[in-house]
Structure formats: structure tokens, C-alpha cells
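For the sequence shown, position 90 matches number 90 in the UniProt record's numbering, and the numbering has no gaps at all.
All C-beta atoms in this analysis are idealised placements derived from N, C-alpha and C, irrespective of residue type, glycine included.
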Amino acid sequence: GGGRCTHAPRNCPWHTALAYARRAQRVGPLCDPPVCRARAEMVPAVSSSNLLLDGMRDGMRRQVSTATALDEIAVGRFHGLHLLRAMYAWCAFSACQELTPYVFAGLRTELRSDTSGEGVFAAAFAAGCMIGAVISAALGDSFGRLKMLLTSISASALLGAALAGAQRYYLLVALRMVEAVAWSIAQNIFIVWYTEFLPTSGRGALTNAFSLGWPVGRALVIVSAGYLHWRLLLLLSSAMLGSLALLLGFTAVESPRYHVATGDADSAMRVLASMARTNGTTSFDEARRLVPRSATDDGCKLDSDEEALVPRTRPLRS
1 GGGRCTHAPR NCPWHTALAY ARRAQRVGPL CDPPVCRARA EMVPAVSSSN
51 LLLDGMRDGM RRQVSTATAL DEIAVGRFHG LHLLRAMYAW CAFSACQELT
101 PYVFAGLRTE LRSDTSGEGV FAAAFAAGCM IGAVISAALG DSFGRLKMLL
151 TSISASALLG AALAGAQRYY LLVALRMVEA VAWSIAQNIF IVWYTEFLPT
201 SGRGALTNAF SLGWPVGRAL VIVSAGYLHW RLLLLLSSAM LGSLALLLGF
251 TAVESPRYHV ATGDADSAMR VLASMARTNG TTSFDEARRL VPRSATDDGC
301 KLDSDEEALV PRTRPLRS
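Here it is in C-alpha cells:
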């Protein structure tokens with residue numbers, strides 16, 4: 001009839017296999033009862049328990065979490081290039097912020113600003129950073145780490161160039177504040193994006209290492225301020241951010257953790273396989289399937305008997 005399968009789930013090999021596959025492999029809805037009965041005759045005469053155990057063993061071997069896959073890739077050339085790219089990013093971010101006091105002289109001589117005006121200009125950057133910090137997480141999660149990185153860094157570079165050409169004090173302050181919003185978004189998302197490529201072992205060292213770029217950027221600003229006009233100093237910062245956007249645009253890829261979190265496990269595995277090849281990790285098995293964040297919830301409910309047929313695994317949070 002049109003009701004549920006007449007076989008008890010534990011006694012129907014095809015039903016058992018599909019119940020497990022639907023949970024572990026997400027191949028689609030369970031078969032209709034008549035189809036289940038018809039296909040059951042095509043299944044080899046093996047016990048349902050053996051079929052289930054074989055399927056469970058194979059399924060567990062073919063699945064891997066993002067964290068485990070990252071840990072399987074030895075630290076190597078990819079991570080070294082990733083670190084150098086991050087150090088340059090931190091150098092560019094540093095130059096953009098640290099140039100603030102070196103603009104004060106120009107504000108006084110060209111825009112007739114006083115001490116309070118200099119304070120407002122400095123506070124504008126801090127205010128913009130607060131706004132950017134609040135919205136950066138939502139933007140990075142909604143539109144992607146890399147996409148928002150490229151957008152916000154490019155916006156910050158363009159605003160910096162416009163800032164260098166501003167002829168009015170209040171326009172200068174407004175542009176500086178908007179630039180700080182884009183700068184803060186880029187900086188916050190960059191940290192998340194960078195760390196999502198790192199293995200558990202060595203993550204702390206690799207995360208701390210790129211902060212060396214900050215004093216380098218500050219030193220560059222201090223030295224350049226003695227030779228460059230304040231507007232050229234702003235253009236220098238803009239050029240550094242623009243070159244960073246180009247560098248990321250041509251060499252960077254989206255985080256595998258973000259791919260998995262959005263359900264694109266195939267793209268995540270391609271990124272991980274590329275990392276493994278770059279590092280020379282020949283033992284990495286790219287034929288496996290990355291487990292989605294909600295591996296135990298495919299949007300369909302199983303009844304209690306079917307639920308007992310499949311293993312209970314904790315949802316992975318990528």
C-alpha cells in the first residue's frame with residue numbers, strides 16, 4: 001500500500017543502508033515503501049547487521065572534519081607564503097593608522113586647524129574603527145571572508161587617495177572616518193580568514209608571527225614622514241593598501257572552513273588538496289568527503305527505529 005515499508009527497518013537491508021547513507025552521506029530522501037520492497041530483493045543475501053557495519057566503517061573512513069584535514073597537512077611552503085602575505089597586510093594596516101599624528105602639521109598650515117581640530121581628526125579614525133568592528137563579523141559571515149577582504153581593502157585604498165586630495169577640513173575628517181570603517185572591517189576579517197587555514201599545532205606561533213608587520217609599517221611611516229609631504233604620506237598608505245588588495249586578489253583563496261560552513265564541501269576539499277600539494281603532503285587523501293557543519297541534521301526526520309540504525313555524531317562547527 002501507500003503506507004510505510006512493511007519490513008521492519010532492522011530486517012530490511014536496503015532500508016538499513018539507505019537510512020545510514022541518508023544520515024552519513026546525505027544522498028537524498030529515503031526510498032518509497034514499494035520501491036524499498038522491490039529493491040530489497042536485489043540486495044545480496046547478507047545480514048542487515050553486517051551490511052550496516054560495513055557501511056558505517058566505509059562511511060567513517062571516507063568522511064573527515066575540516067580541522068582534522070588541516071591537521072593532516074604538514075606546515076610547509078603554503079603556510080610560509082601565507083605568513084609573509086599576512087605580515088605585509090599588517091604592515092599596510094599599520095601605516096594607515098600610524099600616520100595620523102604626521103598629518104597634524106598639514107592641518108595647521110593648509111587647513112587652518114587648531115589643536116581641537118587635530119583631536120577631532122584623530123578621533124574620527126577611532127570612531128570609524130568602532131563601527132567597522134561591530135559590522136565586520138556579520139559581513140564576513142554573510143558575503144565570504146575573501147570577498148569582503150578585497151572589497152574593504154580596496155575601499156580603504158580609494159578613500160585614502162581621496163583623503164590626500166581633500167581641500168576642506170570637514171571633508172578630510174569625514175573621509176578619514178569612512179576610511180577607518182573600511183580599514184577596521186578589513187583588519188578584523190583578515191584575522192579570521194588567516195587563522196582558518198592554520199593547523200591546531202603551531203597555530204599560536206603562526207598567528208603571533210604576522211604581528212611583526214605592524215612595527216615595520218610604523219617605522220616606514222616615521223621614516224617617510226621626514227621626507228614626504230603629508231598628502232604624499234596619505235598616498236603612500238593608499239598605495240600599500242591597493243597593492244595588498246591586488247596581492248590577495250591574485251594569490252589568495254577562500255577559507256576552507258567558510259566553504260564547509262556554507263555547505264560547499266567540494267570547494268573546501270579542493271582548497272585543502274591544493275594546500276597539501278604545495279606543502280608536499282603526499283599522504284593527504286582528497287577523495288574523502290568533508291563533513292558539513294550540521295552533519296547530523298539533514299532537514300529530514302527519521303523515526304526511532306531508523307535513528308537507531310545510524311551513528312550519532314556531534315555537529316561540527318567550522
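Check: So, are the CB atoms of residue 157 and residue 99 less than 9 angstroms apart?
Finding: Result no, Cβ atoms of residue 157 and residue 99 do not sit closer than 9 angstroms.
Note to self: DSSP three-state label for residue 290, please.
What the structure shows: In the three-state reduction of the DSSP assignment, residue 290 falls in the strand class, which pools E and B.
Check: Do the region 228-247 and the region 77-92 make contact, defined as three or more Cβ pairs closer than 8 angstroms?
Finding: yes
Checklist line | Anticipated Cβ contact below 8 angstroms, residue 132 with residue 180, distance rounded | finding: Confirmed, Cβ separation roughly 7 angstroms.
Note to self: Tell me whether the region 119-131 and the region 161-179 touch, counting them as touching only if at least three CB pairs, one residue from each stretch, are closer than 8 angstroms.
What the structure shows: yes
Next item on the list: Give the secondary structure of residue 168 by DSSP, where H, G and I count as helix, E and B as strand, and everything else as coil.
Entry: coil
Margin query: Under DSSP, the alpha helix (DSSP H) around residue 259 begins and ends at which residues?
Written below: 256-261
Checklist line | Nearest candidate by alpha-carbon position, reference residue 259, set 269, 250, 251, 252 | finding: 269
Check: What is the rounded straight-line gap between the Cα of residue 286 and the Cα of residue 206?
Finding: 25 angstroms
Notebook entry, point to check: Apart from the five residues just before and just after residue 210, which ones in its own chain have a Cβ nearer than 8 angstroms to its Cβ?
Noted result: 83, 86, 87, 89, 90, 194
Checklist line | CA-to-CA distance, residue 186 to residue 134, given in whole angstroms | finding: 12 angstroms
Check: Does the Cβ-Cβ distance between residue 291 and residue 271 come in under 9 angstroms?
Finding: no
Notebook entry, point to check: For the alpha helix (DSSP H) that residue 110 lies in, which residues bound it at each end?
Noted result: 104-110
Item checked: CB-CB length for residue 75 against residue 202, believed under 8 angstroms -> 6 angstroms
Next item on the list: Could you say which of 197, 162, 230 lies nearest to residue 68 if we only look at CA atoms?
Entry: 197
Margin query: Would residue 234 and residue 163 be called neighbours here (beta carbons separated by less than 9 angstroms)?
Written below: yes
Note to self: Assuming residue 220 and residue 228 are in contact, meaning their beta carbons sit under 8 angstroms apart, how far apart are those beta carbons, in whole angstroms?
What the structure shows: Not really, about 11 angstroms apart at Cβ, beyond 8 angstroms.
Checklist line | Given residue 364 as reference, the closest of 129, 284, 159, 184 once Cα atoms are compared | finding: Look at the range of the chain in this structure, 1 to 318, and you will see that residue 364 is not part of it.
Check: How would you label residue 167, buried or exposed, when you count the other beta carbons within 10 angstroms and need 16 or more for buried?
Finding: exposed
Next item on the list: Compute the beta-carbon to beta-carbon distance between residue 65 and residue 136, rounded to the nearest angstrom, for a pair I have assumed lies under 8 angstroms.
Entry: Not confirmed; about 26 angstroms, so no contact.
Next item on the list: For the alpha helix (DSSP H) holding residue 248, just list the boundary residues, first then last.
Entry: For residue 248, the enclosing alpha helix (DSSP H) stretches over residues 230-251.
Checklist line | Coil, strand or helix - residue 75 by DSSP | finding: coil
Item checked: Buried versus exposed, by CB contacts within 10 Å (16 or more), residue 103 -> buried
Notebook entry, point to check: Since residue 140 contacts residue 191 with CB under 8 angstroms, what's their CB separation in whole angstroms?
Noted result: For a cut-off of 8 angstroms, the C-beta gap from residue 140 to residue 191 is around 10 angstroms, too long to register as a contact.
Margin query: Could you pull the DSSP bridge partners for residue 64 from this structure?
Written below: 290
Next item on the list: Spatial neighbours of residue 231 within its chain, please: CB distance less than 8 angstroms, with the 5 preceding and 5 following residues excluded, ordered by chain position.
Entry: Answer for residue 231: 106, 164, 165, listed in chain order.
Notebook entry, point to check: If you run the structure through DSSP and keep just helix, strand and coil, what is residue 101?
Noted result: Per DSSP, reduced to three states, the secondary structure at residue 101 is helical.
Next item on the list: Since I believe residue 169 is in contact with residue 113 (beta carbons under 8 angstroms), could you give me their beta-carbon distance rounded to a whole number of angstroms?
Entry: 6 angstroms
Checklist line | Integer Cβ distance of residue 71 from residue 200, believed to fall under 8 angstroms | finding: 5 angstroms
Note to self: Using only CA atoms, which one of 80, 73, 96 lies nearest to residue 217?
What the structure shows: 96
Note to self: Spatial neighbours of residue 215 within its chain, please: C-beta separation below 8 angstroms, excluding the five flanking residues on both sides.
What the structure shows: 94
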